[in-house]
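J.: One structure, pasted below without further comment.
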Amino acid sequence: MKRIIIAIDGPAASGKSSTARRLAQRLGYIYLDTGAMYRACALEARKKAIALEDIPAISAMMDTLDITIAQSPHGNILMLHGKDITDAIRSEEVSNLASAISAIPIVREKMVSLQRKLGRDKAVVLDGRDIGTVVFPQAELKIFMIADVEERAKRRYRELQDKGVIASYDKVLKELQERDFNDSNRSIAPLKPAADSISIDTSHMGLEEQVELLYKLALQRIRSVAPLMLAQHSGFCFGVRRAIKLALDAAMQSPDKPVYTLGEIIHNPQFVKELEEQNIHVAKNASEIIDSIVIIRSHGIAKNEEQLLIEGGNTIIDATCPYVKRTHELVQEMCEQGYPVVILGDSHHPELIGMVSYGNQETTVVAAGEEPNIIGKQKLAVISQTTQKLENLQALVDKLLPECKELRIFNTICIATSKRQDATETLAETSDLMIVIGGHNSSNTKMLHSICSKHTSCMHIETEAELDQNMISTATPIGITAGASTPDEMIIRVYNKIKQIKGESDLATSIRDIPTFKEESC
Ligand code: DC
Numbered sequence: 098m099k100r101i102i103i104a105i106d107g108p109a110a111s112g113k114s115s116t117a118r119r120l121a122q123r124l125g126y127i128y129l130d131t132g133a134m135y136r137a138c139a140l141e142a143r144k145k146a147i148a149l150e151d152i153p154a155i156s157a158m159m160d161t162l163d164i165t166i167a168q169s170p171h172g173n174i175l176m177l178h179g180k181d182i183t184d185a186i187r188s189e190e191v192s193n194l195a196s197a198i199s200a201i202p203i204v205r206e207k208m209v210s211l212q213r214k215l216g217r218d219k220a221v222v223l224d225g226r227d228i229g230t231v232v233f234p235q236a237e238l239k240i241f242m243i244a245d246v247e248e249r250a251k252r253r254y255r256e257l258q259d260k261g262v263i264a265s266y267d268k269v270l271k272e273l274q275e276r277d278f279n280d281s282n283r284s285i286a287p288l289k290p291a292a293d294s295i296s297i298d299t300s301h302m303g304l305e306e307q308v309e310l311l312y313k314l315a316l317q318r319i320r321s322v323a324p325l326m327l328a329q330h331s332g333f334c335f336g337v338r339r340a341i342k343l344a345l346d347a348a349m350q351s352p353d354k355p356v357y358t359l360g361e362i363i364h365n366p367q368f369v370k371e372l373e374e375q376n377i378h379v380a381k382n383a384s385e386i387i388d389s390i391v392i393i394r395s396h397g398i399a400k401n402e403e404q405l406l407i408e409g410g411n412t413i414i415d416a417t418c419p420y421v422k423r424t425h426e427l428v429q430e431m432c433e434q435g436y437p438v439v440i441l442g443d444s445h446h447p448e449l450i451g452m453v454s455y456g457n458q459e460t461t462v463v464a465a466g467e468e469p470n471i472i473g474k475q476k477l478a479v480i481s482q483t484t485q486k487l488e489n490l491q492a493l494v495d496k497l498l499p500e501c502k503e504l505r506i507f508n509t510i511c512i513a514t515s516k517r518q519d520a521t522e523t524l525a526e527t528s529d530l531m532i533v534i535g536g537h538n539s540s541n542t543k544m545l546h547s548i549c550s551k552h553t554s555c556m557h558i559e560t561e562a563e564l565d566q567n568m569i570s571t572a573t574p575i576g577i578t579a580g581a582s583t584p585d586e587m588i589i590r591v592y593n594k595i596k597q598i599k600g601e602s603d604l605a606t607s608i609r610d611i612p613t614f615k616e617e618s619c
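Anchor point for the sequence shown: position 460 equals 557 in my numbering, and the numbering is continuous, going up by one each time.
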């Protein structure tokens, strides 16, 4: 049987937890009560007397929070710093505090990451508020469970009475309405049905009936899952598309004049060969091109190379990506203002060579994770290669900040790159194997590979010929991602080859045929 993720979201007392727990038992799946995790955060904040407005203290608390969850036939047993808190989190006070603390971004960030880790092996039923929209947007089955608020208040009131707690029905109703309002109206990950969820109204349903219905739906989904998905934002970015279009247009409009790109237009040998066939050639040095059309590729070039091209009487078509162009301007501007510039990136990469050429003798390059040499520098400017990961820039800033009196930081990381990295990371967190497609010398593809490797097994390939048949045939689910220099055509070829290895016949003819993993915006 295929292992899937089942997300059950809905308001408090709609029947999620008891249904989810029973369903998990029946399928032999793990059950994860994510509400209990927010309750644990609330309990800890209360114990430490931390006000919810004190974000630095909440953040520090989250850094050391140690939650472990064990399975039992009665539900999850929750341990906080090694102590069983399963019952302690069920008070009405903690319920209300949990609703409030769950609206704090840092709390959600940590909990969502933990939930993704706990659910990554699949065969899991999770219940909560944002499971289908944020935590596992790729969940194969999403249920949105609702019930009339008065019916829910009656259920909660009866539960309290059974436990011997003295309660007022009106108060229970009012608190439920308040929690519904807070959970549905917060700005981050509010309670709402995922677009592809199935709504079930349990106002007039019994527990057995609910479990039976969900069990049937789960079996249907288990049989029809798509175990091969492409990360959103994979492949060519707009800068690369633009550069290629400019090159093709130039070759078409001037058939009598040679067209060159200075360096490969993208780090993808197969594609470069195809362009060669269309009369677009690669020149290694600016000095070797004379009286031709020259496309400056999206990585940009160094100042002295541009000068050589002008001296050679060439017509220059500048396809430098606007994000890269901005780094050139910033390096120059900061140097003019007297700031020594530290550039984060790979010093051998053409993009970096271009950036450095706009600097001066005080400009230095530091690779991700490397120690910057800033002895005697009182002030500094930090500028990043556009394909870096934000956390690398953050780590560098953390190192520099205590050493300098003045630090000017420019986040020059391209949005398309960060979106691609984020989508890739979430897909990797829930995949058995990730296939990363792109040139072996492509910096942004290598970065995707390193992100995936943190979470799962991973192969970096240029073409479908490099796929490891053994790994493919045993892995499921598989995720695919591709760097900014990977054409759609190559993604389709890799997808189809994987399908063939798996013995499946529904091949893709266009990129739109490939199931794409999408994180819903919330
Ligand atoms: O499901 P519950 O009542 O135990 O959840 C307690 C609170 O935690 C709820 O008011 C909202 C919050 N929560 C959340 O924000 N996201 C989840 N996935 C689960 C719960």
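No residue lacks a Cβ here, since even glycine has one placed at the ideal position from N, Cα and C.
Return the chain-ordered list of same chain residues with a C-beta closer than 6 Å to the C-beta of C619, the five sequence neighbours on each side being excluded.
T.: Counted from its first residue, the sequence shown places residue 619 at position 522. Confidence is the limiting factor: at C619 the pLDDT is only 22, short of 50, which leaves the residue's position unreliable, though a coordinate-based value still follows. Counting only Cβ-Cβ distances below 6 Å, and skipping sequence neighbours, we find T230, V231, A286.
J.: What residue range does the alpha helix (DSSP H) around V421 cover?
T.: Walking along the sequence shown from the start, residue 421 turns up at place 324. Per DSSP, V421 belongs to the alpha helix (DSSP H) from 419-433.
J.: Keeping to the same chain, check which residues put their C-beta closer than 6 Å to that of T165; ignore five residues upstream and five downstream.
T.: As a first step, residue 165 must be located in the sequence shown, where it is residue number 68. These residues qualify, in order along the chain: M176.
J.: Determine the DSSP secondary structure at S481, reduced to helix, strand or coil.
T.: Position 384 of the sequence shown, counted from the first residue, corresponds to residue 481. Of the three classes helix, strand and coil, the one that applies to S481 here is strand, per DSSP.
J.: Going by the C-beta, is R136 closer than 7 Å to any heavy atom of the ligand DC?
T.: If you number the sequence shown from 1, residue 136 lands on position 39. R136 Cβ: within cutoff of the ligand DC.
J.: Please work out which residues of its chain come closer than 7 Å, Cβ to Cβ, to N470, disregarding the five sequence neighbours upstream and downstream, and give them in chain order.
T.: Residue 470 sits at position 373 when you count from the first residue of the sequence shown. If we look at N470 and ignore the five residues flanking it on each side, its Cβ neighbours are T461.
J.: In the DSSP output, which residue or residues are listed as bridge partners for A328?
T.: Looking up residue 328 in the sequence shown gives position 231. In DSSP, A328 forms a bridge with F614.
J.: Tell me the DSSP bridge mates of N382?
T.: Start at 1 with the first residue of the sequence shown, and residue 382 comes out as number 285. Answer is none; N382 lacks a bridge partner.
J.: Taking H546 as part of the beta strand (DSSP E), name the residues at either end of that continuous run.
T.: As a first step, residue 546 must be located in the sequence shown, where it is residue number 449. That residue, H546, is in no beta strand (DSSP E); its alpha helix (DSSP H) goes 540-550.
J.: If you scan the region 251-311 from start to end, which runs of the beta strand (DSSP E) of 3 or more residues do you find wholly inside it?
T.: As far as the region 251-311 is concerned, its whole beta strand (DSSP E) runs of at least 3 residues are 295-298.
J.: Quick one: residues in its chain with C-beta nearer than 8 Å to the C-beta of S114, no 5 flanking neighbours on either side, listed in chain order?
T.: In the sequence shown, counting from the first residue as 1, residue 114 sits at position 17. Excluding residues within five positions, the ones whose Cβ falls inside 8 Å are D130, G132, G172, D224.
J.: Who are the Cβ neighbours of G456 in its own chain at under 7 Å, not counting the five residues just before and after it?
T.: Against the sequence shown, residue 456 aligns to sequence position 359. Excluding sequence neighbours, G456 sits near V428, C432, V438.
J.: May I have a chain-ordered list of the alpha helix (DSSP H) segments no shorter than 4 residues that lie completely inside the region 486-540?
T.: Fully enclosed alpha helix (DSSP H) runs of 4 or longer: 487-497, 512-526.
J.: Given A520, which residues of its chain have a CB within under 6 Å of its CB, disregarding the five upstream and five downstream residues?
T.: Counted from its first residue, the sequence shown places residue 520 at position 423. Cβ within range, chain order: A328, Q329, H330.
J.: Comparing the CB of G216 with every heavy atom of the ligand DC, is any distance shorter than 7 Å?
T.: As a first step, residue 216 must be located in the sequence shown, where it is residue number 119. False, no ligand heavy atom lies under 7 Å from that Cβ.
J.: Got a sec, what are the start and stop residues for the alpha helix (DSSP H) C138 sits in?
T.: As a first step, residue 138 is located in the sequence shown; it is residue number 41 there, counting from the start. Looking at the DSSP string, the run of the alpha helix (DSSP H) that includes C138 is 131-144.
J.: Quick one, which of E559, S111, A121, R249 has its alpha-carbon nearest Q367's?
T.: As a working mapping, residue 367 is identified with position 270 in the sequence shown. For the residues E559, S111, A121, R249, the minimum Cα distance to Q367 belongs to E559.
J.: When the Cα of A623 is compared with those of I413, P108, D151, which residue comes out closest?
T.: The structure shown does not extend to residue 623, since the chain is modelled only from 98 to 619, so the question has no answer here.
J.: Is there at least one non-hydrogen atom of the ligand DC closer than 7 Å to the beta-carbon of T523?
T.: The residue labelled residue 523 in the question sits at position 426 within the sequence shown. Checking the Cβ of T523 against the ligand DC gives no.
J.: Taking the Cβ atom as the reference point for each residue, do S389 and L405 lie within a distance shorter than 8 Å?
T.: Indexing the sequence shown from 1 puts residue 389 at position 292. Indexing the sequence shown from 1 puts residue 405 at position 308. No. Outside cutoff.
J.: Return the CA-CA distance between I510 and A492, expressed in angstroms with no decimal places.
T.: Taking the sequence shown and counting its residues from 1, one reaches residue 510 at position 413. Taking the sequence shown and counting its residues from 1, one reaches residue 492 at position 395. One C-alpha to the other measures close to 14 Å.
J.: Given the structure, does T116 come close to the ligand DC, in the sense that its CB is under 7 Å from one of the ligand's heavy atoms?
T.: Here residue 116 refers to the residue found at position 19 when the sequence shown is read from its first residue. The answer is no for T116.
J.: Return helix, strand or coil for S111, following the three-state DSSP convention.
T.: Your numbering for residue 111 matches position 14 in the sequence shown. S111: coil per DSSP, three-state reduction.
J.: Which one or two residues does DSSP pair with Q168 in a beta bridge?
T.: Taking the sequence shown and counting its residues from 1, one reaches residue 168 at position 71. BP columns for Q168 point to N173.
J.: Helix, strand or coil: how does DSSP classify I147 here?
T.: By 1-based counting over the sequence shown, the position of residue 147 is 50. Coil.
J.: Between K207 and the rest of its own chain, which residues show a CB-CB distance below 6 Å, the 5 nearest in sequence each way excluded?
T.: As a position in the sequence shown, residue 207 is number 110, starting the count at 1. Answer for K207: M159, listed in chain order.
J.: In the structure shown, what three-state DSSP assignment does M98 receive?
T.: As a working mapping, residue 98 is identified with position 1 in the sequence shown. Low local confidence applies: a pLDDT of 42 at M98 is under 50, so the model's placement there is unreliable, and no value is given.
J.: Grab me the residues of L490's own chain with a C-beta within less than 8 Å of its C-beta, minus the 5 sequence neighbours each way, in chain order.
T.: The residue labelled residue 490 in the question sits at position 393 within the sequence shown. Closer than 8 Å at the Cβ level, and outside the excluded window around L490, lie L441, V479, S481, I506, N508, I510.
J.: In terms of DSSP beta bridges, what is K370 paired with?
T.: Residue 370 sits at position 273 when you count from the first residue of the sequence shown. Answer by DSSP bridge pairing: none, since K370 is not bridged.
J.: Report the start-end ranges of each alpha helix (DSSP H) in the region 542-605 that is 4 residues or longer and not cut off at the edges.
T.: Correct list: 566-571, 585-598.
J.: Between which two residues does the alpha helix (DSSP H) carrying V231 extend?
T.: For the purposes of this step, residue 231 is identified with residue 134 of the sequence shown, where counting begins at 1. Run containing V231: none; DSSP gives neither H nor E here.
J.: Any heavy atom of the ligand DC closer than 7 Å to the CB of S294?
T.: Counted from its first residue, the sequence shown places residue 294 at position 197. S294: no, Cβ never under 7 Å from the ligand DC.
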